[in-house]
Structures are given as C-alpha cells and as structure tokens.
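Reading the sequence shown from the start, the letters are residues 1 to 434 in the numbering used here. Heads up, the beta-carbon is just placed ideally off N, CA and C, and yes, glycines get one too. In this text, all values refer to a predicted model and were calculated from it rather than measured experimentally. Let me begin by presenting the structure, written as structure tokens, before commenting on it.
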Amino acid sequence: MIMDNKEPFIVITSLAFAFLVLLALVIFLTSALLEREQLRMQSEAERAFNSVFLALQDSTAKALKTMQDENVSGIGVYSSMGRKVLSLGNVPMTIPLEGFSAAEISSQSGSGNSGTATYNAKTGMIEYIRFSRLTILLDTGELTLTENGLLPTPIDFPDVLYLHFDGKDYHHREMVIMMIGIISSMTLIGLFLLVLSIYRNNRRYRVTLAKQENLVNLGQAARTLTHEIKNPLSAITIQLALLKKTMPKENTQDLLLIEQEVQRLTQLTNKVSDFLRNPLGTPVSVDLTELFISLIKTFDKPIRFVSEQRQQIVIDSDRARSVFENLLKNAVESGGPRDPQVEVRITSDKRGFVHVYVMDRGEGIRTTDAKKIFDPFFTTKIHGSGIGLSISQQFVKARGGHIRLYGREGGGTVAEVVLPKSIHALKPKEKEPS
Numbered sequence: 001m002i003m004d005n006k007e008p009f010i011v012i013t014s015l016a017f018a019f020l021v022l023l024a025l026v027i028f029l030t031s032a033l034l035e036r037e038q039l040r041m042q043s044e045a046e047r048a049f050n051s052v053f054l055a056l057q058d059s060t061a062k063a064l065k066t067m068q069d070e071n072v073s074g075i076g077v078y079s080s081m082g083r084k085v086l087s088l089g090n091v092p093m094t095i096p097l098e099g100f101s102a103a104e105i106s107s108q109s110g111s112g113n114s115g116t117a118t119y120n121a122k123t124g125m126i127e128y129i130r131f132s133r134l135t136i137l138l139d140t141g142e143l144t145l146t147e148n149g150l151l152p153t154p155i156d157f158p159d160v161l162y163l164h165f166d167g168k169d170y171h172h173r174e175m176v177i178m179m180i181g182i183i184s185s186m187t188l189i190g191l192f193l194l195v196l197s198i199y200r201n202n203r204r205y206r207v208t209l210a211k212q213e214n215l216v217n218l219g220q221a222a223r224t225l226t227h228e229i230k231n232p233l234s235a236i237t238i239q240l241a242l243l244k245k246t247m248p249k250e251n252t253q254d255l256l257l258i259e260q261e262v263q264r265l266t267q268l269t270n271k272v273s274d275f276l277r278n279p280l281g282t283p284v285s286v287d288l289t290e291l292f293i294s295l296i297k298t299f300d301k302p303i304r305f306v307s308e309q310r311q312q313i314v315i316d317s318d319r320a321r322s323v324f325e326n327l328l329k330n331a332v333e334s335g336g337p338r339d340p341q342v343e344v345r346i347t348s349d350k351r352g353f354v355h356v357y358v359m360d361r362g363e364g365i366r367t368t369d370a371k372k373i374f375d376p377f378f379t380t381k382i383h384g385s386g387i388g389l390s391i392s393q394q395f396v397k398a399r400g401g402h403i404r405l406y407g408r409e410g411g412g413t414v415a416e417v418v419l420p421k422s423i424h425a426l427k428p429k430e431k432e433p434s
C-alpha cells in the first residue's frame, strides 16, 4: 500500500527528470549550432577582410573584383572617433564604436590580426570591425577621400578598419536552427504532457477497476454472509419470543441483552442488503424540513436547524432517512462526551439543486482517512460497521447527486449532500454539481 502511494511520485518524477534531460540536450545542441554559425560568420568575415585588403595593395580594380567574389558591399577606413576617412563601395559615414570596451580596442590594436563580426538585424548585413595600425601600400585612384584630401601612399592607417557584406544566408541559417530548437522543445513538452496524461488515465482506470473488483468480491461475500447470518438470527428471534412467553416475567430482563444484540446484527444485515440492491428505490417528493425535524427529535444532543425555505426533493423516502440519519449520527458522535455543536443548513442554487450541510465541531477527518472514508466497512469507531457512508453515497449517486466530507473552518467536519429538486433534474451522464 505504501508503494502504491509512492508510485505516482516516483513515475512523475522520473518522467520529469527524463524530460528535463532531453530538453537540456535540445537547448545545448541549439546553442552549439548557433555558436558554430557565429564562428562561421566570423571566419567568413575574416577571410573576406584579408582577401579584400590584400587585393587592395595591388590595385583598386583587383580589390573591387575580390569584393564582388566575396559578396562584400563596402570597405572603409575610419578614425578612432568612428568617422569615415576613406572608403571603397557602399559604407556608412560613421560607425558606432560605443559597444566596444577599451580592453577590446587595445587587444585588437595590439594583435592586428583579428576583428569582430556582428549581424545587423536592421540592415540584414554582417559588419566586421578591426582595430589596427597597419601600413599598407595603396593605389588611391578610385578611393573616396574625405576632409583631408589626397593622402600619400603608403598610408599609415587610422584606428578602425570596416567592411560589411550580405548576411541573409547567415540569418536564414540562424532562424532555421532556432525554429528547429523551438519546435523540438515544444514537441518534447507535448510528449511529456501526453505521456503524463496517459499515465494518469491508466492509473485512474486501474484504481477504478480494482475498486470494482473489490466491490464484486465484497458483494459475493456479503450476499453469502447475510444469508448465513439471517437464518440463525431468525431462529434466535423465534426462540427468544418463546422464552419470553414461558419464562417468569421477573427473569425476562436477562433476555434484553440478547435481544438488543440480535437487533443490532439484524440492522447490520439489512444495511448490507441495502448496499447490494438497487439504490434508487422508489423516488417520491420528500419535504426536507419535516424529515430533519423528525430526525432531530431522535437524538439526545441539541442540533441547530437552519433553512432558507422549505425544500422539496424527489428521492426514496426510506433512503433519504437512512442517508441523513447516518450523517446526523456521525456528527453527534464526533464530539465524544462533549457537545459537538451540530448544525444543519439547507440551501438551493440556480441550477435546481438542493445543498444540505451537516456540520459539527468534532475531531474532524484525518488526512490519511480522507480517501478511504467512503470505502465499505472502513471505520474509525470502535463499535462502527463502516457501511453507513458507503450506503449513503450509493443512494445519493443513484439520485443524480453527490456527497462529500471536508474539514470545517475553525475545526470539525462538514458533510455536504447535493441532490436535484425534482425528477426532471435527473439526467443520464450529467456531471456532478460542485
């Protein structure tokens, strides 16, 4: 039984762990592929930069041909303030250098052999910036020069070298990788929820099947038991009646104990029979106010009764009496020798259902007993049979209602019974009202 209680936790935890591992793997692979594309972009930018500037040392025409081959749109030389000094192709007048730290500028200026490539989502271009002070022999015939006019050759480069080229292919590959990562993650989440739902439905089915098998076995055993008990009880009852007639009256008091126990056993067998037979009975109109007034008189402890108005329900009268008598009996006995402050409250809702609340200030329901409270023959009482709530639940469900027990605010228990007002409210496959 302990393992059964732990099974959902173990299975769900294992499923969640496996899902998280797979999800982490997908995220890791997606990140690795994106990083690979970033390195690929950096490598392509470095190659294009080196090819163009090497070609630029020979001639502008060769540089333009290399730019076309490498898909480079423009190349430029900028001052340390980001202002264009000279350019070839289409480049901006200024470039933002705020994103580069002093350490990056110093490091790149010192090494002179690496730069930074970034993708500009607004323009769809890959921009490459290198900080350097290289002296390169240039043919300046077709270079666009700015404020300083013609510059001599060779040129001592200012601080920043820049080029950009079409980044549509890089952006497309990046988006494909991200979409695959997102779709894979969503697929994993969907599979996890699907497997979890299948497991819960399967477990619910197994629990229901086990209960049904237990009820079938219980029913067979109960039928045999009640039959075997009723025959001796009938014989004992007849013999008691004969003894009462033949024995002196002063000795008949000794037979009362036997008679009381026989009656108790008879009531128990009758309850078991009620549990096994058709629980619906013969529904008739029952006035709940009159029913509770008559029931309250049978108890020696005070019971407070509150009703908004007289409520009529359609139910078998004997079964209604059995249900509410059992709930009142449980409430009265919940406090032991002290007053349990039992209160009955009746209300109705707009959907045509009557709500009956039997409340007490007793010991309440233990958490461990909450799921077993309606199981046949389960009881926490020394002298209880454990069949009362099971029978009550059968009767109420047969009438299209439901019954539940829960803790009362401030201590105690609330037994709530929900039943339709009229026979027209009884519909097949109707969900239980809440």
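- Shortest Cα-Cα distance from Ile296 to any of Glu7, Phe324, Val11, Ile313 involves Phe324.
- Met247 and Val354 have their C-alpha atoms spaced approximately 53 Å apart.
- Nearest in C-alpha terms to Val306, of all of Ser334, Ile346, Pro92, Val286, is Ile346.
- Excluding residues up to 5 positions away in sequence, Leu188, Phe192 lie with their Cβ nearer than 7 Å to the Cβ of Phe19 in the same chain.
- In chain order, Val332 place their CB closer than 6 Å to the CB of Phe299, counting only its own chain and leaving out the 5 sequence neighbours on each side.
- Between Met67 and Tyr170 a beta carbon distance of about 18 Å is seen, past the 8 Å cut, so the two are scored as non-contacting.
- A distance below 8 Å between beta-carbons, with the five flanking residues on each side excluded, links Asn326 to the following residues of its chain, in chain order: Gly388, Leu389, Ile391, Ser392.
- Cβ-Cβ distances below 6 Å link Tyr128 to Ala45, Phe49, Gly115, Ala117, Leu163 in the same chain, with the five nearest sequence neighbours on each side left out; the list follows chain order.
- Looking at the backbone, the Cα of Gly352 and that of Ser14 are separated by about 45 Å.
- Assigned with DSSP and collapsed to three states, Gln309 falls in coil, not helix or strand.
- At a Cβ-Cβ threshold of 8 Å, Gly411 and Gly364 count as neighbours.
- Take Arg366, set aside five residues on each side of it, and no residue of its chain has a beta-carbon closer than 6 Å to its own.
- Along the region 338-366, the beta strand (DSSP E) occurs as fully enclosed runs of 3 or more residues at 342-348, 353-360, listed in sequence order.
- Where Asp166 is concerned, the enclosing beta strand (DSSP E) starts and stops at 160-166.
- Assigned with DSSP and collapsed to three states, Asp375 falls in coil, not helix or strand.
- A direct Cα-to-Cα measurement between Glu174 and Asn120 gives close to 13 Å.
- Residue pairing by DSSP places Arg36 in no beta bridge whatsoever.
- Distance from Leu257 to Ile229 at the Cβ level is roughly 19 Å; contact not present, criterion being Cβ atoms closer than 8 Å.
- Counting along the chain, Arg130 sits inside no alpha helix (DSSP H); it lies in the beta strand (DSSP E) bounded by residues 125-131.
- The Cβ atoms of Val414 and His402 do not sit closer than 8 Å to each other.
- Distance from the Cα of Arg361 is smallest, within the candidate group Asn330, Lys372, Asn270, for Asn330.
- Per the coordinates, the alpha-carbon of Leu405 lies some 13 Å from the alpha-carbon of Ser334.
- Around the CB of Gln260, fewer than 16 other CB atoms lie within 10 Å, so the residue is classed as exposed.
- In the structure shown, Ile387 falls within a coil segment according to DSSP collapsed to helix, strand and coil.
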